[in-house]
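Heads up, the sequence shown is in the numbering used here, so the first residue is 5 and it goes up one at a time.
Ideal placement from N, C-alpha and C gives every residue a C-beta, glycine not left out.
Working notes, structure below.
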Amino acid sequence: MLKKIQRTLSQFIQSQSLGGVVLALAAIVALVASNTGFSAVYERFVYLSVELRIGADLLVLAKPLVIWVNDLWMAVFFFLVGLEIKREMIEGDLASPSQALLPAGAAIGGMVVPALIYTAINWGDGVALRGWAIPMATDIAFALGILVLLGNRVPSSLKVFLTAVAIIDDLGAILVIAFFYTADLSLSMLLAAGGGILVLWLLNRARIMAIGPYVVVGLIIWLCVLKSGIHATLAGVITALAIPLSDGKGGSPLKVAEHALHPWVAFAVLPMFAFVNAGVSLQGVSLGTLFQTEPLGIAAGLVAGKTLGVFAASWLLMRVAGARLPEGASTRQFLGVCVLCGVGFTMSLFIGALAFDGLDPRYATQVKLGVLGGSLIAGVLGAALLLVRPAGRDGS
C-alpha cells in the first residue's frame, strides 16, 4: 500500500513538474508575442469571439476566447484541485491533524502575511486594494517543477510538504474568490445551482460510480453559477467533492478521474490560461512602473510575504505545537522551499483578473508585471538556497 501511494505521488509530481515547464514556455511565448510584430495577431487571438448556441434562442453565450478560458477551461482546473483536496483530506497528507498541522499552519501564514503586505503598501488607494488577495496562492506546477529539476538535492519530504501547502492555499483562494470576488447575485440562479448540488449529493448517496452523470450535472451547475454572479469556476470544485473516493471494490472513481485529467490540465488548460493571460506589452514600462504600489505590493507579497508567512508560521508550530521539519530536510532547505511558495503565477493572475475586471487596462498590466516579477524572483532565490552546499551538519 505504501509503495502504491509513493508511486502515485511520484507520478503526480512528475506530471506537475513537466507541466510547469510547458506553463513557463506558454508564458514566455505570450510575452514575446505581445512585444514583437505578432502583437496584433496575439490580441486578435485572445479576444476572438466564440459563441455557444443551443436552439434558436434557448441558450446563447458569446464571449471572447480569454473569457471562455478563464470561466470554462479553468473550471476544469478547479475540478482537478477539488479532487486533490478531497483525496488529501481523506487518505493523504491532510488526513489526520498531526499530518496536516505543519502544512496547514504554513499555508495560512503564507496567505495572511502576503495579503497584509500588499494592503500596507497600497493603503489609501481604494481601487488598488481590490487586489489584496493576488499574492496569496502558490503555483504548484511551477514550484514543484523547480524542485524536481533540482533532483536529489531536495528531500522528497519537502516535495510532499510543498504539495500540501499549495493544495491548502488553493482551497483558501477558492474561498476568497467565493466570498470576495463576486458580482451582483441572482437568487434564482443560486437556487438552481443549489438544486444541482442536491442532485450531486443524491448521486453520491446512491453510490453512482460512473463519472459521466456527475460531469453532466456539474456542467448545469457551471451554467447556473455563471449566471448567478459567483465565479463559474467554483462549480468545478463543488462537482469534484461529490465524486466517490472508493467504489468499495478496491477501485477509486476519484483517482481515475484525477489521473485522466492531469495531462489535460497540465498540458492544455494551464498553458492556454498562461498564454492568453500572461501577454503584457512592455512598451512604456520603466523601472518606475515596477515600483508603483500595485506591482510592488504583489511582488513584495509573493517574495517577502510568502517566505515570512510560511517560515514564521512553521517555526511557531515547531516551538509551540511540537511540529517537526519534514524528514531529512535542513533548516536552509526548508527556508528555500518557503521562498518557492512565492511562485504564485496561475492563481495570482486569475485573482488579479477578477479583482480588476472592467477597470482601466493599466491595472491588468501592473498585475501581470507584479506577478511575473515576483514569481521569477521567488523562483530564482528559492532555487539558489536549495543549490547552496551545506555549511555545517544541518545545512543551515
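A contact between stretches requires three or more CB pairs, one per stretch, nearer than 8 Å, and the segment 335-352 fails this requirement with the segment 265-273. For the options Leu-344, Pro-365, Val-371 and Gly-283, the alpha carbon positioned closest to that of Gly-356 is the one of Val-371. When C-beta atoms of the segment 363-383 are compared with those of the segment 168-177, fewer than three pairs fall below 8 Å, so the two segments do not count as touching.
Inter-residue distance for Ala-239 and Phe-82 is about 8 Å (C-alpha atoms, whole angstroms).
Residue pairing from DSSP places Val-64 in a beta bridge opposite Arg-57.
Within the same chain, and ignoring the five residues on either side of Ala-316 in sequence, the residues whose Cβ sits closer than 8 Å to its Cβ are Gly-113 and Val-117. Going by C-alpha positions, Met-93 is about 28 Å away from Leu-358. Here Glu-331 is exposed, its C-beta having fewer than 16 other C-beta atoms within 10 Å. Inclusion of Leu-27 and Leu-274 in the CB contact set at 8 Å is warranted, their separation being smaller than that value.
By the 16-neighbour rule on beta-carbons within 10 angstroms, Gly-378 is buried. Linking Leu-195 to Ile-234 through their CA atoms gives a straight-line distance of about 12 Å. Here Glu-47 carries a helix assignment [DSSP, helix/strand/coil]. When DSSP states are grouped into helix, strand and coil, Gln-103 belongs to the helix group.
In summary, Asp-251 is exposed, with fewer than 16 beta-carbon neighbours lying within 10 Å of its beta-carbon over all protein chains present. It is roughly 15 Å from the alpha-carbon of Leu-249 to the alpha-carbon of Val-241. Pairing Val-64 with Arg-57 gives a Cβ-Cβ distance under 8 Å. Here DSSP, grouped into helix, strand and coil, assigns Asp-174 to helix. In the three-state DSSP reduction, Trp-136 falls in the coil class, being neither helix nor strand. At the C-beta level, Leu-390 and Val-158 come within 8 Å of one another.
Shown here, Gly-86 sits in a helix according to DSSP, grouped into three states.
Between the beta-carbon of Gly-198 and that of Val-221 there is about 12 Å, and that puts the pair past the 8 Å contact cut.
Separation of Tyr-46 and Gln-287 (C-alpha to C-alpha, rounded to the nearest whole angstrom) is 15 Å. Under the DSSP assignment, Lys-231 falls in the alpha helix (DSSP H) whose first and last residues are 215-232. The continuous alpha helix (DSSP H) containing Arg-366 extends over residues 365-391. Taking C-beta separations shorter than 7 Å and ignoring five residues to either side along the sequence, the partners of Ala-182 in its chain run Ile-234 and Leu-238, following chain order. Per the coordinates, the alpha-carbon of Leu-202 lies some 13 Å from the alpha-carbon of Pro-217. Using a Cβ distance threshold of 8 Å, Ala-147 and Asp-173 do not count as a contacting pair. Under a 10 Å Cβ-count criterion, Arg-91 is classified as buried, with 16 or more other Cβ atoms of the shown protein chains found around its own Cβ. Inter-residue distance for Val-25 and Ser-192 is about 43 Å (C-alpha atoms, whole angstroms). Classified as exposed, Lys-253 has fewer than 16 neighbouring CB atoms from the shown chains inside 10 Å of its CB. DSSP places Lys-163 in the helix class (H, G or I) of the three-state scheme. Excluding its 5 nearest sequence neighbours in each direction, Asn-281 has C-beta neighbours in its own chain below 6 Å: Leu-353, listed in chain order. Nearest to Ala-137 by alpha-carbon distance, out of Ala-303, Ser-334 and Ser-318, is Ala-303.
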